[in-house]
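Enquirer: Residue numbers (my numbering), protein chains in the order written: chain A, 1 to 322; chain B, 1001 to 1429.
Take a look at this one; I'll ask things after.
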């Protein structure tokens, strides 16, 4: 967790980027998540550890899935959880992001879980408020808890990710999931290959891959046989009008996890797993057969999401004198 | 107005002289023992430059007087050593009529601090479609000579061609904000490269500037018109300019102080103070810009002073306003990065911050030699004095100052406008 001095002069721990976590911290969060997942099986799913603490889910961008996941996580830890939907990032609304956030924080908040359509928003918020900040997805930048839950789900099936080959496929340019996963997977010692057409790769990625030690490919078929895990990213149909690729059909042929590719993957490595952060475009980036295959972790990911977010809130908030 | 005797000033770094100013003009330069009744300004150890001229200033009046007025912008300019500033047209309403231009001229004259010279819009409402009343703005009392849609690129080739042709008739010049809006759209806010990729910020590639400059110099060659390139930010644009100048194209160009120093890695903390258009670039571009300014490929330094209210900057990075302050720090930045490193001497600074910009904008009263008969517009600089920039001390109404906390070598000590001291040591006189 990054520790940042706040405007109030105190230091607060935040989770803003996956790069905030070293290997030991990732380990600790994943191990605690394992314990938390045990609670999900109980009839009474409450731990008293965050009683009296207030967690605000400040979502400037709609996301039922992530918001509910954080909400349930907070409630099972006995925190008071409040959901606030901020409307958009438009400057025309008059109020600045800082004013909006300070207004919320002034109500007395221990942790702010921030989701925003703009990259860097959680980072900025952390400099304005005297509260812990968790980045629940900022624009096309990062989504650290998604990467943690993905790592958690993969470890459950594969064991240690050290030396394992994870292939991330899709719209890398616009994917916060890809950026966070790349960092967390490298932190855990996995080998990572990013696959996309050149138009969907972030700018400067050639240098970036050399600096951070990961691989790039435009040929999914070439990398699939060595994959231990394949992560398919959602491809937004509006990217086609942006000219990033010609048609859905062409995308699927080149970069979709189609039925033949599922066969190739399973033949080469029967234990390989398939992830997707959701929501899926069945038939576009992932064939229905692949989404529902025994190798698919899609529902495991959702269930792990709650446990991992409980763990993150616990590590940020519990045991701290407020 | 009493006479003013400036003693011991080092004129452009060529040696100490005394300068006598009477009736708003330099009446004598040399060894002057005394001038009866004159105020004396001791300039021992100071370098005298012709008053600085800024080709590119955003005042927010009319429309956003909470961010800057003509008076506060003029005050910041005077403190920064300027005696003339060109006020960009992107106000509300836009300066696209003679009446609007005259209004800015008059408000500027009323300050008595600097000449505020209105820039006229190239197109009505900066919309890029129909020419504004270029000729009427030129014929007005404001005598508008520089036209720019700055903030927007005149992207339509036909509109740009017509504008260049039209203003040629009266010696006008189009100052182009070069940004292909398809290659760098409204969301583009970070230099397209590795850092933008990591940060997930929409990229603003150098090619979006370079391709427009390449087109424009060809249009200028074709029409025989003058073109000025605003805020050059990349090494690629420098290459195009070098080529065009070698061909005899009538092209001039400016660079901002921030593009001479600040680099794109400052964006890593998502601080919108560093959000500017065109964006901060990598060190290779910065190096090329310094070299181009030193060798004359780039003619002028222009601030692109862009004040913004706090609440327009305190948004998420992609939503925050573009721009940074520059008037008060420009000379210190140029001194620090160009003079103290040996890239330019003080005569060179006079060239890029006074002579050339005055010539480009057609200002007869500015950028003149420090000699008998010239209008008494002067700037006195202490080349050795270090300043640590404090954003709170600014005379601008805004605080979006990217230089806050930096120490710069070379400080404006006094500014003389039409024979009167307007500013001394960071404050209005």
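Glycine is no exception: its CB is placed at the ideal position from the N, C-alpha and C atoms.
Is any beta-carbon of chain A found at less than 8 Å from that of residue 1362 of chain B?
Expert: No, residue 1362 of chain B does not count as interfacial toward chain A.
Enquirer: Output needed for residue 134 of chain A: all residues of its chain with C-beta closer than 6 Å, excluding positions within five of it in sequence on either side, in chain order.
Expert: These residues qualify, in order along the chain: 15, 113.
Enquirer: Going along the region 1314-1328 of chain B in order, which residues come within less than 9 Å of chain A, judged by CB to CB distance?
Expert: Here the close residues are 1314, 1315, 1316, 1317, 1318, 1319, 1320, 1321.
Enquirer: Using 8 Å as the cut-off, can you tell me whether the region 1338-1358 of chain B makes contact with the region 1118-1134 of chain B, which would need three or more C-beta pairs spanning the two stretches below that distance?
Expert: These segments do not touch.
Enquirer: For residue 1003 of chain B, verify whether its CB is less than 7 Å away from any heavy atom of the ligand NAD.
Expert: The ligand content of the structure shown is nil, which means the ligand NAD is not present either.
Enquirer: Using the beta-carbon count (16 or more within 10 Å), is residue 1296 of chain B buried or exposed?
Expert: Flag for residue 1296 of chain B reads exposed.
Enquirer: Just the C-alpha distance for residue 89 of chain A and residue 271 of chain A, rounded to the nearest angstrom, thanks.
Expert: Any reading at residue 89 of chain A must be qualified, since the residue scores a pLDDT of 48, below 50, and its modelled position is unreliable; no value is offered.
Enquirer: Report the option in A:131, A:71, A:160, A:36 whose CA atom is closest to the CA atom of residue 2 of chain A.
Expert: The residue with the shortest Cα to Cα distance from residue 2 of chain A is A:131.
Enquirer: Given that a residue counts as buried once 16 or more other Cβ atoms are within 10 Å of its Cβ, and exposed if not, what is residue 1192 of chain B?
Expert: Residue 1192 of chain B comes out buried.
Enquirer: With H, G and I counted as helix, E and B as strand and the rest as coil, what does DSSP make of residue 260 of chain A?
Expert: Note: residue 260 of chain A maps to helix in three-state DSSP.
Enquirer: Please classify residue 1283 of chain B as buried or exposed, where buried requires at least 16 other C-beta atoms within 10 Å of its C-beta.
Expert: Exposed: under 16 other Cβ atoms inside 10 Å.
Enquirer: What does residue 140 of chain A touch in chain B if you count any residue whose Cβ is under 7 Å from its own?
Expert: In chain order: 1200.
Enquirer: Show which residues of chain A have a CB atom less than 8 Å away from the CB atom of residue 1340 of chain B.
Expert: By Cβ distance, chain A contributes nothing, its closest Cβ being about 32 Å from residue 1340 of chain B, past 8 Å.
Enquirer: Please list, in chain order, all residues of the same chain as residue 1195 of chain B whose beta carbon is under 7 Å from its beta carbon, the five residues on each side excluded.
Expert: Answer for residue 1195 of chain B: 1264, 1265, 1267, 1268, listed in chain order.
Enquirer: Which residue comes first and which comes last in the beta strand (DSSP E) that contains residue 59 of chain A?
Expert: Residues 54-59.
Enquirer: Can you list the residues of chain B that residue 277 of chain A reaches, using a CB-CB cut of under 9 Å?
Expert: Those do not exist, as residue 277 of chain A stays about 15 Å from chain B at its closest Cβ, beyond 9 Å.
Enquirer: Counting C-beta neighbours from all protein chains within 10 Å, is the total for residue 12 of chain A 16 or more, i.e. buried, or is it exposed?
Expert: By the 10 Å Cβ count, residue 12 of chain A comes out buried.
Enquirer: Looking only at its own chain, which residues have a Cβ that is under 7 Å from the Cβ of residue 35 of chain A, when we skip the five neighbours before and after it?
Expert: Nothing meets the Cβ criterion.
Enquirer: Assess, as a yes-or-no matter, whether the region 1010-1025 of chain B is touched by the region 23-33 of chain A under the definition of 3 or more beta carbon pairs within less than 8 Å.
Expert: Output reads no: the region 1010-1025 of chain B does not touch the region 23-33 of chain A.
Enquirer: According to DSSP, simplified to helix, strand and coil, what is residue 89 of chain A?
Expert: Its pLDDT being 48, under 50, residue 89 of chain A is placed unreliably in this model, and the coordinates cannot settle the point.
Enquirer: Where DSSP assigns a beta bridge to residue 1176 of chain B, which residues make up the other side?
Expert: For residue 1176 of chain B, which the question treats as bridged, DSSP gives the partners B:1229.
Enquirer: Just list the residues that DSSP pairs residue 976 of chain B with in beta bridges.
Expert: The structure shown does not extend to residue 976 of chain B, since chain B is modelled only from 1001 through 1429, so no value can be given for it.
Enquirer: Could you check if residue 1371 of chain B is buried or exposed, using at least 16 other CB atoms within 10 Å of its CB as the buried criterion?
Expert: Label assigned to residue 1371 of chain B: exposed.
Enquirer: Determine, using beta carbons only, whether residue 1214 of chain B comes closer than 8 Å to chain A.
Expert: For residue 1214 of chain B, the answer is no, since every Cβ of chain A falls outside 8 Å of its Cβ.
Enquirer: Should residue 213 of chain A go down as buried or exposed, given a rule of 16 or more other Cβ atoms within 10 Å for buried?
Expert: Burial call: exposed.
Enquirer: Bridge partners for residue 282 of chain A per DSSP, in chain order?
Expert: A:286, per the DSSP bridge assignment.
Enquirer: Could you check which residue in B:1183, B:1026, B:1291 has the C-alpha nearest to that of residue 1343 of chain B?
Expert: Residue 1343 of chain B has its Cα closest to that of B:1291, out of B:1183, B:1026, B:1291.
Enquirer: Is DSSP giving residue 1170 of chain B helix, strand or coil here?
Expert: Residue state, collapsed to three classes: coil.
Enquirer: Over the uninterrupted alpha helix (DSSP H) stretch that includes residue 1269 of chain B, give me the two end residues.
Expert: It is not in any alpha helix (DSSP H) - residue 1269 of chain B carries neither H nor E in the DSSP assignment.
Enquirer: Please check if any C-beta of chain B sits within less than 8 Å of the C-beta of residue 91 of chain A.
Expert: Confidence in residue 91 of chain A is poor, its pLDDT being 43 and thus under 50, which makes the residue's placement too unreliable to answer from.
Enquirer: For the alpha helix (DSSP H) that contains residue 70 of chain A, what are its first and last residues?
Expert: Start and end: 64-76.
Enquirer: Should residue 313 of chain A and residue 50 of chain A be called a contact, given that it needs their Cβ atoms to be closer than 8 Å?
Expert: Cβ atoms of residue 313 of chain A and residue 50 of chain A: closer than 8 Å.
Enquirer: Per DSSP, which one or two residues make a beta bridge with residue 138 of chain A?
Expert: According to DSSP, which records beta bridges pairwise, residue 138 of chain A is partnered with A:116, A:142.
Enquirer: Who pairs with residue 1204 of chain B in a beta bridge, going by DSSP?
Expert: DSSP lists B:1191 as partners of residue 1204 of chain B.
Enquirer: When Cβ atoms are compared, which residues of the region 1001-1020 of chain B fall closer than 8 Å to chain A?
Expert: So nothing in the stretch comes that close.
Enquirer: If we count Cβ pairs, one from each stretch, closer than 8 Å, do we get three or more for the region 1354-1370 of chain B versus the region 1047-1065 of chain B?
Expert: Flag = yes, the region 1354-1370 of chain B and the region 1047-1065 of chain B touch.
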